[in-house]
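Read top to bottom, the protein sequences are chains A and B.
Position one of the first sequence corresponds to residue 351 (my numbering), numbered consecutively onward.
Position one of the second sequence corresponds to residue 351 (my numbering), numbered consecutively onward.
Even for Gly, the Cβ is constructed at its ideal location relative to N, Cα and C.
Number of protein chains: 2
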Amino acid sequence: MGYHHGDLRRTLLATAAEAIAETGPAALSLRDLARRAGVSHAAPAHHFGDKLGLLTALAIEGYELLAEALTAAGGDILDAGVAYIRFAMAHPAHFEVMFHPTLYREDEIGPARDASAAALQAGLANRPAPELGPDPQLTGYAAWSIVHGFATLALAGNLPPEVVADPRPVIRLLFAK
Amino acid sequence: MGYHHGDLRRTLLATAAEAIAETGPAALSLRDLARRAGVSHAAPAHHFGDKLGLLTALAIEGYELLAEALTAAGGDILDAGVAYIRFAMAHPAHFEVMFHPTLYREDEIGPARDASAAALQAGLANRPAPELGPDPQLTGYAAWSIVHGFATLALAGNLPPEVVADPRPVIRLLFAK
DNA sequence: CTCCAATCTTGTCAGTGTCAAGACTAGGGC
DNA sequence: GCCCTAGTCTTGACACTGACAAGATTGGAG
């Protein structure tokens, strides 16, 4: 740990994720983050420039984590779907920010975003052709929609716990013949 | 048009919806709304109490609009799904707020919310039994997930315009045998 | 005509994001 | 050993925001 604080950047990102998970991005306060980290109110600015910068960094981190989770899930699209939902539940703040472009600078997240997209499409490609239907691309959007919607609804508290606990049966309905 | 402004309440809600649709809920400013409406900075407080109050009113309005749209769509669940997505695209700010409980007071939206839920379940009940699968409730969550996910992804700019233009083929994939 | 309740204004306060300027620290070149 | 530069953090300031209190204005009921 280097100087006064050492890994302030990491600490701020982690604390921001906590705060957002509890009270949402709208209530996020840089000064509050600084207080929790024990630094002055202007310290965050040095690492992230401004608030958008911090949220941009969070979004990038989120896309990287998602890409990892998806590739770790292997080639099966069902497992990828479950991994997608688990990621959202495990990192609600990242997930929240990632899909709200007004919260960050979209032009800075390119590479990280592409990595996630590639991981998603890879999962789709490994699926047997008959299950993909006549238009595989449409099936891809349907799959993304169902897991994304499931995750979003679960995070907002709109799905009962027992359903959230095992998303597999719900996802399977899209591919069941 | 009663007093100085007349229907300030309605104007503020409409302007808030515009502002949120453009820059997101986090950037919403009561003082800015007041300026746009041509009233003093404290005028909104009288109608909504505080910021949460305004967003709560928006959420209620959203649930009412959604309930209307769903019942107007008739008994078919495919049409209901399309109506759900069209509602989200037509009223992005309402939709955004409705599904972010940290933005408003959940204990004040009961009735409006129940009306929407009832309209949704009615659509599901009118569906022929074989399409609902072994567990109709799970199918309901799957249907909700796919249309909600589709709407959310579309609003965040993650779906190509031609797919958004006609969501039907994507939704149909869930029920196609 | 009076009075009242609803609506809006003015004034104020603490809290926030951002910028500018300066202070401190670590580590490398001499 | 010493300096000096780049990176890190602090201090101070400013405009803006949400919220509160107190007062002004208005339309309408009686």
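CA-to-CA distance, residue j to residue i, given in whole angstroms
{"i": "residue 358 of chain B", "j": "residue 461 of chain B", "result": "24 Å"}
{"i": "residue 423 of chain A", "j": "residue 467 of chain A", "result": "14 Å"}
{"i": "residue 527 of chain A", "j": "residue 398 of chain A", "result": "Bear in mind that a pLDDT of 49 at residue 527 of chain A, under 50, signals an unreliable position, so the model cannot answer this."}
{"i": "residue 428 of chain A", "j": "residue 440 of chain A", "result": "18 Å"}
{"i": "residue 352 of chain B", "j": "residue 524 of chain A", "result": "With a pLDDT of only 41 at residue 352 of chain B, under 50, the local geometry of the prediction cannot be trusted, and the value read off the model is given with reservation. Their Cα atoms are separated by approximately 54 Å."}
{"i": "residue 482 of chain B", "j": "residue 489 of chain B", "result": "6 Å"}
{"i": "residue 386 of chain B", "j": "residue 498 of chain B", "result": "32 Å"}
{"i": "residue 487 of chain B", "j": "residue 477 of chain B", "result": "12 Å"}
{"i": "residue 374 of chain B", "j": "residue 504 of chain A", "result": "21 Å"}
{"i": "residue 494 of chain A", "j": "residue 435 of chain B", "result": "15 Å"}
{"i": "residue 508 of chain B", "j": "residue 450 of chain A", "result": "11 Å"}
{"i": "residue 368 of chain B", "j": "residue 485 of chain A", "result": "36 Å"}
{"i": "residue 431 of chain A", "j": "residue 431 of chain B", "result": "21 Å"}
{"i": "residue 457 of chain A", "j": "residue 471 of chain A", "result": "22 Å"}
{"i": "residue 389 of chain B", "j": "residue 356 of chain B", "result": "11 Å"}
{"i": "residue 516 of chain B", "j": "residue 426 of chain B", "result": "17 Å"}
{"i": "residue 496 of chain B", "j": "residue 433 of chain B", "result": "13 Å"}
{"i": "residue 510 of chain B", "j": "residue 500 of chain A", "result": "21 Å"}
{"i": "residue 492 of chain B", "j": "residue 378 of chain B", "result": "33 Å"}
{"i": "residue 473 of chain A", "j": "residue 475 of chain B", "result": "34 Å"}
{"i": "residue 502 of chain A", "j": "residue 502 of chain B", "result": "9 Å"}
Start-to-end residues for the alpha helix (DSSP H) that takes in residue i
{"i": "residue 434 of chain A", "result": "427 to 440"}
{"i": "residue 454 of chain B", "result": "It is not in any alpha helix (DSSP H) - residue 454 of chain B carries neither H nor E in the DSSP assignment."}
{"i": "residue 509 of chain B", "result": "No alpha helix (DSSP H) holds residue 509 of chain B; DSSP gives it neither H nor E."}
{"i": "residue 521 of chain B", "result": "518 to 525"}
{"i": "residue 382 of chain A", "result": "380 to 387"}
{"i": "residue 464 of chain A", "result": "460 to 475"}
{"i": "residue 394 of chain B", "result": "393 to 398"}
{"i": "residue 374 of chain B", "result": "Neither: residue 374 of chain B is in no alpha helix (DSSP H) and is coded neither H nor E."}
{"i": "residue 422 of chain A", "result": "401 to 422"}
Partners in chain A for residue i, counting only beta-carbon separations shorter than 8 Å
{"i": "residue 470 of chain B", "result": "Near residue 470 of chain B there are no residues of chain A at all, since even the closest Cβ is about 11 Å away, more than 8 Å."}
{"i": "residue 488 of chain B", "result": "513, 519, 520, 523"}
{"i": "residue 450 of chain B", "result": "374, 506"}
Chain A contact residues for residue i, given Cβ-Cβ distances below 7 Å
{"i": "residue 491 of chain B", "result": "509, 513, 520"}
{"i": "residue 495 of chain B", "result": "496, 499, 500, 503, 520"}
Interface partners of residue i on chain B, CB under 7 Å
{"i": "residue 498 of chain A", "result": "499, 502, 503"}
Cut-off 6 Å between Cβ atoms - residues of its own chain near residue i, not counting five sequence neighbours on either side
{"i": "residue 393 of chain A", "result": "384"}
{"i": "residue 445 of chain B", "result": "438"}
{"i": "residue 361 of chain A", "result": "387"}
Cβ shell of residue i (< 7 Å), same chain only, five flanking positions each side left out
{"i": "residue 413 of chain A", "result": "448, 459, 462, 463, 465, 466"}
{"i": "residue 469 of chain A", "result": "417, 420, 421"}
{"i": "residue 365 of chain A", "result": "383, 386, 387"}
{"i": "residue 442 of chain A", "result": "371, 505"}
{"i": "residue 514 of chain A", "result": "504"}
Amino acids of chain B, ordered along the chain, whose beta-carbon sits closer than 8 Å to that of residue i
{"i": "residue 483 of chain A", "result": "523, 526"}
{"i": "residue 377 of chain A", "result": "452"}
Contact set for residue i: own chain, Cβ-Cβ below 8 Å, skip 5 residues either direction
{"i": "residue 402 of chain A", "result": "453, 454, 455"}
{"i": "residue 380 of chain B", "result": "391, 394, 395, 401, 404"}
{"i": "residue 512 of chain B", "result": "none"}
{"i": "residue 363 of chain B", "result": "404, 407, 408, 411"}
{"i": "residue 522 of chain B", "result": "428"}
{"i": "residue 518 of chain A", "result": "428, 432"}
{"i": "residue 520 of chain A", "result": "496, 500, 513"}
{"i": "residue 415 of chain B", "result": "437, 441, 444"}
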